[in-house]
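Asks: Sharing a structure here in structure tokens format.
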Amino acid sequence: MRFLCCHGFGTSPEIMKHQLSKLQKYCDSTWEFHFVAGQYEGPPDPHIATAFPGPYLCYSLDFNTADMKTAHESLDDAFANHGPFDGVLGFSTGAALLAAYLLEKVHLDPGKPLPVQFAIFASSIPPLSADSTYTELMLGSLSSKDQERIRSADYSQISQLPEPVRSSLSLTARSFDILKHVHGRPLSDFFNRTSLEVPCILRPDFYEARLSIPTLHCWSKNDPPVFKESARLVESFCDSRLRNTYNHSAIHNLPRVSAEVKDMVSAINDMISRKQQARL
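For the sequence shown, full-length UniProt numbering assigns the number 280 to the last residue and increments by one with no breaks.
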């Protein structure tokens, strides 16, 4: 069983290997994990910097449509040069990247099978668009006043935007703010742009693509509300008959307590069984 893995912001394949070390202790010894390195250097989580040497990597720095498209192309390269893979496993921004990547594959060619048979999304942040047409649909027809509200990067101004832009950009803003200790940038760095350069969340009511493969969604029952909301957003794109959710205690992390790691391995095995049954 081969997994393509994507790490979180400001970490690296080596750091993600450490995050997965306990899982690898309890999983099938034949499982193989291939890690895709982010193409940009970025600031590390302060806790990461004291425990692990750099480089600290990320798949995107600006999170706009063009940046996300480049990240998708890096995944295309990984599948072409290192595949095939049975499934994907992503953490945080890596999970969001994989979710958006697979959804775009469905959107562009609904009849074509996905390059993997299952997906594990761990502590995903909101999936961001790499599709300029979708971003134009969401943000391209705003009035000049509403564009000013976005550029202000002010929550009181964002709250006056029309739906669905208001709720989308509210989640975007809260997500970037709660991760500010990692990326180190003010919200205005992401919002004080032309509207089509603003990070644009994929929404199930505006993006018809769905994942019809078994999925496992892992996140902490102790996570702040914005992380829980983000994880549930990814869940909403996945077939309810084929998805499962596992909640653990490690805040915005992979489980570290042995009993919870074993439970996650069991949940992965259950998902793989669903994948195998679906092929019968």
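In this text, a Cβ means the ideal position worked out from N, Cα and C, and glycines have one as well.
(1) Identify whether residue 161 lies in helix, strand or coil by the three-state DSSP scheme.
(2) Is it true that the CB of residue 227 sits closer than 9 Å to the CB of residue 158?
(3) State the Cα-Cα distance for the pair residue 64 and residue 260, rounded to the nearest angstrom.
(4) Assuming contact is defined by CB atoms lying nearer than 9 Å, are residue 130 and residue 100 in contact in what I supplied?
(5) Leaving aside the five residues before and after residue 22 along the sequence, list all residues of the same chain whose C-beta is less than 6 Å from its C-beta, in chain order.
(6) Per DSSP, what kind of secondary structure is residue 9 in: helix, strand or coil?
(7) Leaving aside the five residues before and after residue 120 along the sequence, list all residues of the same chain whose C-beta is less than 6 Å from its C-beta, in chain order.
(8) Less than 6 Å between C-beta atoms, sequence neighbours within five positions excluded: which residues of the same chain meet that for residue 6?
(9) Can you give the beta carbon distance from residue 83 to residue 115, rounded, assuming they're within the 8 Å contact cut?
(10) Buried or exposed: residue 30, going by 16 or more other Cβ atoms within 10 Å of its Cβ?
(11) Please go through the same chain and pick out, in chain order, the residues whose beta-carbon is closer than 8 Å to the beta-carbon of residue 170, but skip the five residues on each side of it.
(12) Measuring CB atoms only, is the stretch 186-196 touching the stretch 51-67, in the sense that at least three cross pairs come out at less than 8 Å?
(13) Keeping to the same chain, check which residues put their C-beta closer than 7 Å to that of residue 274; ignore five residues upstream and five downstream.
(14) Are residue 40 and residue 11 close, meaning C-beta to C-beta below 9 Å?
(15) Would you kindly report the start and end of the unbroken beta strand (DSSP E) that includes residue 237?
(16) From which residue to which residue does the beta strand (DSSP E) around residue 194 run?
(17) Name the one or two DSSP bridge partners that residue 34 has.
Replies: Answer, in terms of the structure:
(1) coil
(2) no
(3) Residue 64 and residue 260: Cα-Cα distance of roughly 35 Å.
(4) yes
(5) 261
(6) coil
(7) Excluding positions up to five away in sequence, the list reads 89 and 216.
(8) 36, 90, 94, 97 and 98
(9) 7 Å
(10) So residue 30 counts as exposed.
(11) Same-chain partners within the cutoff: 155, 158 and 159.
(12) yes
(13) Contacts found: 214 and 242.
(14) no
(15) Neither: residue 237 is in no beta strand (DSSP E) and is coded neither H nor E.
(16) From DSSP, residue 194 is part of no beta strand (DSSP E); its letter is neither H nor E.
(17) 4
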